[in-house]
Amino acid sequence: MPAAALFDFDGTLVDTTEMIHQSMRHATISVLGRDDIPRETLLANVGQPLPRQMELIEAEKAELLLEAYRSHHEEHHDALIGEFPGVEESLSRLRSAGILVAVVTSKRRTSVEMALKNFPGLRDIVDRFVTLEDTTQHKPNPEPLLRGLELLGGILKESAAYIGDSPFDVRAAKAAGLTSVAVSWGAFSEDRLREAEPDYLVPDIASAVDVLLML
Numbered sequence: 256m257p258a259a260a261l262f263d264f265d266g267t268l269v270d271t272t273e274m275i276h277q278s279m280r281h282a283t284i285s286v287l288g289r290d291d292i293p294r295e296t297l298l299a300n301v302g303q304p305l306p307r308q309m310e311l312i313e314a315e316k317a318e319l320l321l322e323a324y325r326s327h328h329e330e331h332h333d334a335l336i337g338e339f340p341g342v343e344e345s346l347s348r349l350r351s352a353g354i355l356v357a358v359v360t361s362k363r364r365t366s367v368e369m370a371l372k373n374f375p376g377l378r379d380i381v382d383r384f385v386t387l388e389d390t391t392q393h394k395p396n397p398e399p400l401l402r403g404l405e406l407l408g409g410i411l412k413e414s415a416a417y418i419g420d421s422p423f424d425v426r427a428a429k430a431a432g433l434t435s436v437a438v439s440w441g442a443f444s445e446d447r448l449r450e451a452e453p454d455y456l457v458p459d460i461a462s463a464v465d466v467l468l469m470l
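Every position in the sequence shown, counted from 1, becomes a number in the working numbering once 255 is added.
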């Protein structure tokens with residue numbers, strides 16, 4: 256078994272896909288006057304820091320898009336955020352097996368704190384949180400994952416796994432030398448995830464934990 260399991264947050268532990276899509280849609284309509292951008296396009300870069308996602312949509316108006324997104328996100332957060340079944344139970348299985356648990360996300364700490372108000376039980380299960388502010392480089396760069404291992408007491412990369420729902424998560428895990436587990440219940444299809452060539456591809460967190468406990 257690994258000594259540590261690192262998890263992405265959005266689309267992996269918390270169901271934020273619809274919230275992200277609606278906030279993206281609001282931003283592109285209000286700033287660009289466009290309501291024709293496909294859902295797949297708006298979600299194509301989820302997993303990277305939000306400012307980078309906005310640059311990829313329209314670089315010249317990235318700041319305005321970011322402001323519009325965050326305004327909608329804060330106003331509608333609690334109504335649109337969703338719960339994945341069995342997350343706390345699955346993470347508790349890891350803790351009971353002696354595996355350390357960390358969250359490594361591209362979200363700002365304030366956004367993570369907002370989400371945790373809806374899921375307070377996660378605070379008691381997760382040992383460490385790595386957020387946007389904690390590193391200078393971000394996924395798919397390996398720095399956030401390596402920072403997570405450092406915060407967990409210097410866990411060796413060979414003894415850790417990263418679980419996420421995006422190709423960027425898989426690429427970060429590979430770059431960091433961690434076992435990569437892709438979960439297909441987030442924003443990306445199984446085909447997109449397979450293209451990133453994760454070590455394991457599973458449908459949900461319970462299945463991801465099953466894999467980890469068998470390593």
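All C-beta atoms in this analysis are idealised placements derived from N, C-alpha and C, irrespective of residue type, glycine included.
Meets three-Cβ-pair contact criterion under 8 angstroms: the segment 387-394 and the segment 297-304: Short answer: they touch.
Where ARG294 falls, given that 16 or more other Cβ within 10 Å makes a residue buried: By the beta-carbon neighbour count (other beta carbons within 10 angstroms, threshold 16), ARG294 is exposed.
Coarse secondary structure for ILE380, derived from DSSP in three states: Shown here, ILE380 sits in a helix according to DSSP, grouped into three states.
Length of the line joining the Cα atoms of ILE380 and GLU329: Per the coordinates, the alpha-carbon of ILE380 lies some 25 angstroms from the alpha-carbon of GLU329.
Nearest-angstrom Cβ-Cβ length linking GLU343 and GLY376, presumed shorter than 8 angstroms: Separation of the CB atoms of GLU343 and GLY376 is rounded to 5 angstroms, and the pair is thereby assigned contact status at 8 angstroms.
Nearest neighbour of ALA428, chosen from ALA258, LEU401, ARG348 [CA to CA]: Residue LEU401 is the option with its Cα nearest to ALA428.
Assumed close pair ILE418, THR267 - CB separation to whole angstroms, cut-off 8 angstroms: 6 angstroms between Cβ atoms; contact.
CA-to-CA distance, PHE264 to SER444, given in whole angstroms: In a straight line, the C-alpha of SER444 is about 17 angstroms away from that of PHE264.
PHE423 - containing beta strand (DSSP E), residue span: Not the beta strand (DSSP E): PHE423 falls in the alpha helix (DSSP H), residues 422-431.
Span separating the alpha-carbon of SER366 from that of ASP290: If I take the Cα positions, the gap works out to 26 angstroms.
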